[in-house]
Amino acid sequence: MALNTLDYSVLLALAIAVVAYYAKSHFFANDVGSTGFLPTDAGSSRNIVSTVKDNNKNAIVFYGSQTGTAEDYASKLLKELSSKFGLKTMTVDFADYDFDNFDELDPDVLCFFLMATYGEGEPTDNANDFIAWLDDEADTLSNLKYTVFGLGNSTYEFYNAIGKKIDQKLEEKGGERFAEYGEGDDGVGTMDEDYFTWKDKLIDSLKNNLNFEEHEMKYEPSLELSESYLTVDDPSVSLGEPNTKYVLGTSDLTKGPFDNAHPYLAQVKHTQELFNSKSRSCVHAEFDISPSNLRYSTGDHLAVWPSNSNENVETFAKAFGLADKLDDVFELKSLDSTVSLPFHTPITYGAVLRHHLEISGPVSRQLFLAIAGFAPNDATKKSILELGNDKVAFADKIHHHKYNIADALLAVSKGEAWSDVPFEFIIEFVSHLQPRYYSISSSSLSEKTTIHVTAVVEAEEVEDRTISGVVTNLLKNIEIVQNKSSDKPAVTYDLDGPRGKYANFKVPVHIRRSTFKLPTSSSVPVIMIGPGTGVAPFRGFVRERVAQKKNDLKIGPTVLFYGCRNETEDFLYKNEWPEYSKELGSALEIHTAFSRQDPSKKVYVQHKLLEQASKINQLIADGAFIYVCGDASRMARDVQNTLVKILAAERNIDEERAAELVRAFKVQNRYQEDVW
Ligand code: FAD
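Heads up: the sequence shown begins at 0 in numbering that gives the first Met the number 0, then just goes up one per residue.
Structure (structure tokens):
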């Protein structure tokens, strides 16, 4: 059948509509990069060499970041390199590029690698592929001029393993190290100062070895803000939704993939206060994922996306003279094609403060130095520069008081608002909120579509201020409202969220897959050591074994070492363990250590391990898997040392040999840690 003119015009209109539809959905589908930032023009190519060339860059700051710290340092280093040395710098998330032709990089380009180590000496998710490429595929990299800063935690055995590895690998591949390797230690709380030390040496190398001229640091924005004619009611304006899809509602938000760029709004169906204490709190929360296609497996982590408390938003707004502008709308434009927009715009100022910026944590010396140029008066400028340049005075006058950014700036300016600070500066220099991780305390076998977490609420009074953790107090607020509890919250939140989208206790979450897993066979013995909230994944493991038993599987010895202060105050899930014992019978054994029950004697899980030395040795001989979860600062190392002692004594070998055995168990995945 022939088509007439009308048919053709209808077909043409349809074709245009289809193209427009796909163009639009493609645009919106890509609204967030792997970091949650909007894509840049640069981001549209995965070719790192051509991106650098096309954008006329001569310095790249690569970051391997899991919790946002390395990414944060990367953007600050970019500012400093650009401002002090005029280097045309870009930051690079490894996940956004391929590296096949990395050896073709122009030799004049300087590469800075900021590499965090995650868990047991593992790379961060975004650096995984780059490291695999470096290990297996990379040829010589003789064009490469590089330096590396590792971000790690010395309480972990493989301290800064990734920073060290990258530094060494790049050298092996023929790269030229133009400034010394440096590393920072979160374990002893010196990350910021360690970074400063490395950066100062780096600046010396740039000046002395590469003959760069240093200029006074001056803020040059990479973003341009313009006030919008739109009002807060306009549907295209973000009120703090996690990303563009949530603002515009253009796609089915129950379908994944869900990750750190796109969360699922899970309803918290049930909460419970687990402690019996006036001063401490621990919330059990159950997230319903049944309406979504989000799934987890026992031992995974739930990432909970935070928003800031009303009190912290208010103080921050006051400190920057923004109190009257919270509902005003602005748009952002990137002035550099390699700098991505950090969130959907148009957006309100209030939404940025509440949902996007990390405003409540400790302030850094680096921020003091960068912000000095916008001080409200000369005396304040002088004071802030003195503090920024003097680590001892900074520690004494700022850090010691646990000031957040707003508290600190108001303390230095004696209450005068910092109204001259451009909002672009705030967006570029204040860290962006990152999800907090929780070891899932349910079992995907018994609770397929519900995720349980067990979170100790972080809150303390310092001087006349409340220092509070962002996510744990949000969960506590939900618990109080949901259960009509008489507990008083340390801080309060807007639980309804942007446009009421979080009403009925919804919270944005995604899942991080973990390697902390039960052995495949349910009959393999397991030894679980988890004091405090370290017991969270073990509740999941035990529930898994209960479900396996109900499925007629044979259950091997399941031995839990749990510790808390005392039996009546903070014994987590005290009423549940007897039920699990009933189900599992003699397969489940629980050894409890109470550190404050008997004032004359502090008992920790390590003591209980020693009491069970011969049993532990026998279980290990029978192929037991060992799991340690909880506090990374001391417990994990003390437990490991105790296990070394047990093996040495029981097997009559020296401790060095026993330590080798433990290391071998780790390599074989028979000794797993989930510590934070
Ligand atoms: P944050 O806002 O991150 O604050 C962190 C700490 O800083 C708090 O103690 C807070 O009081 C303090 N603080 C706030 N402001 C300041 C300031 N201005 N100066 C100084 N200090 C300040 N935790 C659990 O409870 N249960 C778990 O099962 C669990 N599992 C985890 C699993 C993994 C893999 C990881 C990495 C961590 C896990 N954590 C767990 C820890 C958890 O992710 C959070 O770090 C913790 O709950 C605190 O989060 P928050 O948002 O409440 O506090």
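A virtual CB, placed ideally from N, CA and C, is assigned to each residue, including glycine. Just so we're clear, the structure is a prediction, and the values are computed from it rather than from any experiment.
Once the 5 residues before and after residue i are set aside, which same chain residues still bring their CB inside 6 Å of it?
{"i": "Thr116", "result": "Gly151, Asn159, Ala160, Ile161"}
{"i": "Asp327", "result": "Tyr348"}
{"i": "Gly387", "result": "Arg364, Phe367, Leu368"}
{"i": "Lys78", "result": "none"}
{"i": "Ser64", "result": "Glu70, Ala115, Thr123"}
{"i": "Ile625", "result": "Ile526, Tyr670"}
{"i": "Glu226", "result": "Phe329"}
{"i": "Asn476", "result": "Pro488, Tyr492"}
Cutting at 7 Å between CB atoms, please list the residues of its own chain near residue i, excluding the five before and the five after it.
{"i": "Glu508", "result": "As written in the sequence, residue 508 is Val, which differs from the Glu given in the question. Hits under 7 Å: Pro262, Tyr263, Ala265, Phe286, Leu301, Ala302, Val303, Trp304."}
{"i": "Trp576", "result": "Ile589"}
{"i": "Ala546", "result": "Ser442, Leu444, Ser445"}
{"i": "Leu334", "result": "Pro220, Ser221, Leu222, Glu223"}
{"i": "Tyr72", "result": "Leu113, Tyr194"}
{"i": "Ser438", "result": "His300, Ala535, Pro536, Cys628, Asp673"}
{"i": "Tyr579", "result": "Val541, Val545, Leu587"}
From residue i to residue j, what does the alpha carbon distance come to, in whole angstroms?
{"i": "Asp124", "j": "Gly67", "result": "12 Å"}
{"i": "Gly186", "j": "Met114", "result": "16 Å"}
{"i": "Tyr145", "j": "Asn292", "result": "43 Å"}
{"i": "Leu201", "j": "Pro518", "result": "46 Å"}
{"i": "Asn311", "j": "Ser359", "result": "6 Å"}
{"i": "Glu672", "j": "Val627", "result": "5 Å"}
{"i": "Thr253", "j": "Glu462", "result": "45 Å"}
{"i": "Leu408", "j": "Ser418", "result": "11 Å"}
{"i": "Ala126", "j": "Leu143", "result": "18 Å"}
{"i": "Phe319", "j": "Asp493", "result": "21 Å"}
{"i": "Leu229", "j": "Gly248", "result": "19 Å"}
{"i": "Pro345", "j": "Asp128", "result": "34 Å"}
{"i": "Gln605", "j": "Thr448", "result": "35 Å"}
{"i": "Leu273", "j": "Val506", "result": "20 Å"}
{"i": "Gln667", "j": "Phe373", "result": "55 Å"}
{"i": "Lys217", "j": "Thr88", "result": "15 Å"}
{"i": "Phe664", "j": "Cys563", "result": "27 Å"}
{"i": "Phe551", "j": "Arg544", "result": "According to the sequence shown, residue 551 is Asp rather than Phe. If you take the alpha carbons of Asp551 and Arg544, they lie about 10 Å apart."}
{"i": "Glu423", "j": "Gln639", "result": "47 Å"}
{"i": "Glu171", "j": "Glu179", "result": "16 Å"}
{"i": "Ser237", "j": "Thr154", "result": "41 Å"}
On the criterion of 16 or more Cβ atoms from any shown chain inside 10 Å, does residue i qualify as buried, or is it exposed?
{"i": "Gly239", "result": "buried"}
{"i": "Ala454", "result": "buried"}
{"i": "His399", "result": "exposed"}
{"i": "Glu566", "result": "exposed"}
{"i": "Glu136", "result": "exposed"}
{"i": "Asn275", "result": "exposed"}
{"i": "Ile652", "result": "exposed"}
{"i": "Leu209", "result": "exposed"}
{"i": "Gly622", "result": "exposed"}
{"i": "Val470", "result": "buried"}
{"i": "Val661", "result": "buried"}
{"i": "Ala131", "result": "exposed"}
{"i": "Gly118", "result": "buried"}
{"i": "Thr532", "result": "buried"}
{"i": "Glu478", "result": "buried"}
{"i": "Gln167", "result": "exposed"}
{"i": "Ala620", "result": "exposed"}
{"i": "Asp107", "result": "exposed"}
{"i": "Lys553", "result": "exposed"}
Short of 8 Å in beta carbon distance, which residues of its chain neighbour residue i, apart from the five on each side in sequence? Order them along the chain.
{"i": "Phe84", "result": "Leu205, Phe211, Glu212, Glu213, His214"}
{"i": "Arg464", "result": "Lys401, Asp406"}
{"i": "Lys644", "result": "Leu609, Glu654, Ala657"}
{"i": "Thr189", "result": "Gly183"}
{"i": "Leu618", "result": "Pro524, Ile526, Pro556, Val558"}
Mind checking who residue i pairs with in its DSSP beta bridge?
{"i": "Arg464", "result": "Val461"}
{"i": "His714", "result": "Lying outside 0 to 675, the shown extent of the chain, residue 714 is not represented and no answer is given."}
{"i": "Gln677", "result": "Because the chain spans 0 through 675 in this model, residue 677 falls outside it and cannot be assessed."}
{"i": "Phe61", "result": "Val91, Phe112"}
{"i": "Val674", "result": "Gly629"}
{"i": "Tyr158", "result": "Bridge partners of Tyr158: none, in fact."}
{"i": "Arg511", "result": "His300"}
Would the C-beta of residue i count as close to ligand 2, meaning under 7 Å from any of its heavy atoms?
{"i": "Thr471", "result": "Judged by which ligands are present, ligand 2 is missing from the structure shown, whose ligands are ligand 1."}
| field | Touching by the beta-carbon criterion (3+ pairs, under 8 Å), the stretch 547-563 and the stretch 582-596 | value | yes
| request: May I ask you to verify whether the stretch 425-433 touches the stretch 373-392, counting CB pairs closer than 8 Å and requiring at least 3? | output: no
| message | Quick test of the definition: if touching needs 3 or more C-beta pairs under 8 Å, does the stretch 337-356 touch the stretch 304-323? | response | yes
| Taking one C-beta from the stretch 490-506 and one from the stretch 516-530 each time, how about it: are there three or more such pairs within less than 8 Å? | no
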